[in-house]
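Right, one structure below, let's go through it.
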Amino acid sequence: MALFLQRFTRRKTHGLDENLNEHGGPKLARVLGAFDLVFLGVGSTLGVGVYVLAGEVAKNNAGPAVCISFLIAAFASAFAAVCYAEFGARVPKAGSAYVYSYVTVGELMAFVIGWNLVLEYLIGTASVAKSFSENFDKLVNKSMSNAFLDVFPIDAPGLGPYVDWFAFSVTIVLSGLLAFGMKGSSLFTNVFTVVNLANVLLVIIAGLFFVDGSNWQISFNETDYNETFTEEDVGVGGFAPFGLAGIMDGAATCFFAFVGFDSIAATSEEAKNPKRDIPLAIMTTLVVVFFAYFGVSTVLTLMVPYYLQDPNTPLVSAFFDVGQEELGITVSIGSLFGISASLLGAMIPLPRIIYAMSRDGLVFRILGRIHRQTQTPVLATLLLGLFAAILSMIFDLSALIDMMSIGTLLAYSLVAVSVLIIRFTHDADEDGKLFNSNNEHDHKDNSECLSADFLGSTTNRSQKKAYILIGSYCLLCLGLALILVLGETKLQAGDVGIAVGTAIIAALLAINLAWLAWQPRSKRTVYFMVPLVPLIPCLSILINIYLMMRLSTATWIRFGVWMLVGSFMYLGYGINESSEKEKAYRKRKIQDIPLMMKELSFDEDIEERPLIFDSD
Numbered sequence: 192m193a194l195f196l197q198r199f200t201r202r203k204t205h206g207l208d209e210n211l212n213e214h215g216g217p218k219l220a221r222v223l224g225a226f227d228l229v230f231l232g233v234g235s236t237l238g239v240g241v242y243v244l245a246g247e248v249a250k251n252n253a254g255p256a257v258c259i260s261f262l263i264a265a266f267a268s269a270f271a272a273v274c275y276a277e278f279g280a281r282v283p284k285a286g287s288a289y290v291y292s293y294v295t296v297g298e299l300m301a302f303v304i305g306w307n308l309v310l311e312y313l314i315g316t317a318s319v320a321k322s323f324s325e326n327f328d329k330l331v332n333k334s335m336s337n338a339f340l341d342v343f344p345i346d347a348p349g350l351g352p353y354v355d356w357f358a359f360s361v362t363i364v365l366s367g368l369l370a371f372g373m374k375g376s377s378l379f380t381n382v383f384t385v386v387n388l389a390n391v392l393l394v395i396i397a398g399l400f401f402v403d404g405s406n407w408q409i410s411f412n413e414t415d416y417n418e419t420f421t422e423e424d425v426g427v428g429g430f431a432p433f434g435l436a437g438i439m440d441g442a443a444t445c446f447f448a449f450v451g452f453d454s455i456a457a458t459s460e461e462a463k464n465p466k467r468d469i470p471l472a473i474m475t476t477l478v479v480v481f482f483a484y485f486g487v488s489t490v491l492t493l494m495v496p497y498y499l500q501d502p503n504t505p506l507v508s509a510f511f512d513v514g515q516e517e518l519g520i521t522v523s524i525g526s527l528f529g530i531s532a533s534l535l536g537a538m539i540p541l542p543r544i545i546y547a548m549s550r551d552g553l554v555f556r557i558l559g560r561i562h563r564q565t566q567t568p569v570l571a572t573l574l575l576g577l578f579a580a581i582l583s584m585i586f587d588l589s590a591l592i593d594m595m596s597i598g599t600l601l602a603y604s605l606v607a608v609s610v611l612i613i614r615f616t617h618d619a620d621e622d623g624k625l626f627n628s629n630n631e632h633d634h635k636d637n638s639e640c641l642s643a644d645f646l647g648s649t650t651n652r653s654q655k656k657a658y659i660l661i662g663s664y665c666l667l668c669l670g671l672a673l674i675l676v677l678g679e680t681k682l683q684a685g686d687v688g689i690a691v692g693t694a695i696i697a698a699l700l701a702i703n704l705a706w707l708a709w710q711p712r713s714k715r716t717v718y719f720m721v722p723l724v725p726l727i728p729c730l731s732i733l734i735n736i737y738l739m740m741r742l743s744t745a746t747w748i749r750f751g752v753w754m755l756v757g758s759f760m761y762l763g764y765g766i767n768e769s770s771e772k773e774k775a776y777r778k779r780k781i782q783d784i785p786l787m788m789k790e791l792s793f794d795e796d797i798e799e800r801p802l803i804f805d806s807d
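Position one of the sequence shown corresponds to residue 192 (this note's numbering), numbered consecutively onward.
What follows is the structure in structure tokens.
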């Protein structure tokens, strides 16, 4: 049992130097500058969220308060983004949150995160391809979907209404483009992203000429609920027709719209100056896409009443609804460029996560082979592109979006936990040098240094205490989230028991956080560091766990199935083929050499024995 626990918690201690290739052979080409990374991040993020989610969340969850849902999701994403930014400066390697958790938490948790990132990017790619197909179908007056319905219909719960060969073909073509090299792919991404940003500005500016403030003040009786819609469809009317619960459910869905900045971290090995450019690109991306989402969702709900929104192509339909067909067609064409950038951005990290995991031996090593001419993981790119294409061909968009949220939130939570672990790890810890190998920076954040000096130096005892506090904080977050989600109705009704329970757990969380903040922390610094530690990582953990608890039971079941498949992969292959297992074996052999030499040497206290020779 102890041996298995040791294997599960072994941490990555090799191959973190960005200038080394521990297995030899070709490396990923460093061709991405700061602007390329920003365009990649914006292109990855500003796609389905702006062209689909704004209308879907307004119609089904939040009403006009969808802009507040985007604001809440942006705050939650910002906390996760700064954690990713610090790790981008500390560990500039392909693999994103997978690598971060491997060097801090351990191998088993790293595999869980990596496996879920594969799910996230697979479904992200499929969902964007599906959105591309639906927007193109709108442009051709639904003639494509009608033809597919006649020839390739699907009649099964949880699947789309027809086999979408168009989404399949788009995914396959772009997979081939990515397999040919990163430089050409980044050029396409940059061009598509510029067109996408111009299209978003067109929607916001042109839409301002057709806004109607009364659409945010529609009363329940003005919604025609008894003619076309049910009372459940329209809520109570007004700015927040579905109440706080609707806004929070909308925020959980809108969180999907900000998934994409982590694709920047996944390409660290292809960035020219990752320590500087990765944090800068992540934060710039988040700011740009938030203003785009907030502006579009505000204009959209002012143009068309929330209950009349088209959940599939809301922006195009909004301009058609106000009699601006030409603008609608223009926006539809622009949306294809935007979704193309998002599709490329979703596909780029996928083979790189597999590349990182295969390089470490946790999945089949053949998937990590780099082509000498293209300097990309060709086999992984094409194989995973095929899987994503199949998903986009048979599932509908809403099912795909629901399936990917849990993996993303879990990855964000583990990155925040990893930041806390690094900050409170004993400076003299043998593994501590991993966290900033070749990444130390002369600049020090004054607030962090003053805090560290005031609290004293780290020790093994303070490290152990901090780890216990981090674990207890996560458990308390889980308890609070369960009470808030399962007891939401009773809490709003003023149930005393639920209110007292919530207050007690919240107080324990505050005490736990204060106690953790009082612990000594590492004085090591890098180019970018999360400010206000442990507050910001702890808030990120709390928000992410709460949003995870709001996901549907079906989502958790699908997550369980995916993790079951992953457990067979890890226990049947990864745990025995791990590069860290090989390293630990070599280390033990080296440590045994002095002992072997001592055993072979003659000890003066031992009586010499006469040599006896056999004679014929």
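All C-beta atoms, glycine included, are put in the ideal place defined by N, C-alpha and C. Here the structure is a predicted model, which means the values were calculated and not measured.
Listed in chain order, the alpha helix (DSSP H) elements of length 4 or more contained wholly in the stretch 360-414 are 373-398. Annotation: Y498 is outside any alpha helix (DSSP H) and is labelled neither H nor E by DSSP. Taking the Cα positions, T650 is about 19 Å away from A705. Apart from sequence neighbours up to five positions away, the residues of its chain that approach V721 with a beta-carbon distance below 7 Å are V273, C274, E277, V610, I727 and P728, ordered along the chain. A straight line joining the alpha-carbon of M548 with that of D440 spans about 33 Å.
Taking A256 as the centre and dropping the five residues before and after it, the same chain places the C-beta of F430, A431 and I438 closer than 7 Å to its C-beta, in chain order.
Minimum Cα-Cα distance from R741 among the listed residues A436, T567 and Q654 corresponds to A436.
Counting C-beta atoms within 10 angstroms of its own C-beta, I597 has 16 or more neighbours from the protein chains shown and is therefore classed as buried.
Here Y761 is near W306, since their CB atoms are less than 9 Å apart. Segment contact: the stretch 539-548 against the stretch 312-330, three or more CB-CB distances shorter than 8 Å; contact assigned.
Cβ contact annotation for A264 (same chain, cutoff 7 Å, sequence separation greater than five): A442, C445, F446, A448 and F449, in chain order.
Setting aside the 5 residues that flank it on each side, N703 is surrounded in the same chain by L660, S663, Y664 and L667, each with a C-beta closer than 8 Å to its C-beta; the list follows chain order. Residue T384 holds the alpha-carbon nearest to the alpha-carbon of S533 among T572, T384, G692 and E460.
Beta-carbon to beta-carbon, D618 and S769 are separated by about 27 Å, too far to satisfy the 8 Å threshold.
The three-state reading of DSSP puts A462 in strand, counting E and B together. Y353 is bridged by DSSP to P344.
Residues of the same chain with a CB within less than 7 Å of the CB of S235, apart from the 5 flanking positions on each side, are G451, S454, S533, G536 and A537 in chain order. Straight across, the Cα-Cα distance linking M335 with E325 is about 9 Å. Cβ-Cβ separation between G428 and S410: approximately 5 Å, consistent with a contact (criterion under 8 Å). For L223, DSSP records a beta bridge to A462.
A distance below 6 Å between beta-carbons, with the five flanking residues on each side excluded, links I612 to the following residues of its chain, in chain order: T295.
Of all C-beta pairs linking the stretch 560-578 to the stretch 398-409, fewer than three are shorter than 8 Å, placing the two stretches out of contact. Under the 8 Å Cβ criterion, the stretch 750-765 does not count as touching the stretch 506-521, having fewer than three qualifying pairs. About 16 Å separates the Cβ atoms of S583 and A347, ruling out a contact at the 8 Å cut-off.
Taking C-alpha positions only, A288 is separated from G514 by approximately 46 Å. Residue pairing by DSSP places G428 opposite S410 in a beta bridge.
Closest in C-alpha terms to A245, from the list F485, V676 and G224, comes F485. Listed in chain order, the non-local C-beta contacts of T475 below 6 Å within the same chain comprise V229, local neighbours out to five positions each way being set aside. Separation of L368 and L231 (C-alpha to C-alpha, rounded to the nearest whole angstrom) is 15 Å. The beta carbon of F578 sits closer than 7 Å to those of L313, all from its chain and outside the five residues before and after it, given in chain order.
A direct Cα-Cα distance of roughly 22 Å separates I530 from S260. For Q654, the enclosing alpha helix (DSSP H) covers residues N651 to L677. Taking each of V691, R614 and K772 in turn and checking the Cα distance to L707, the smallest one comes out for R614. For the 9 Å CB-CB criterion, S653 and Q710 form a contact.
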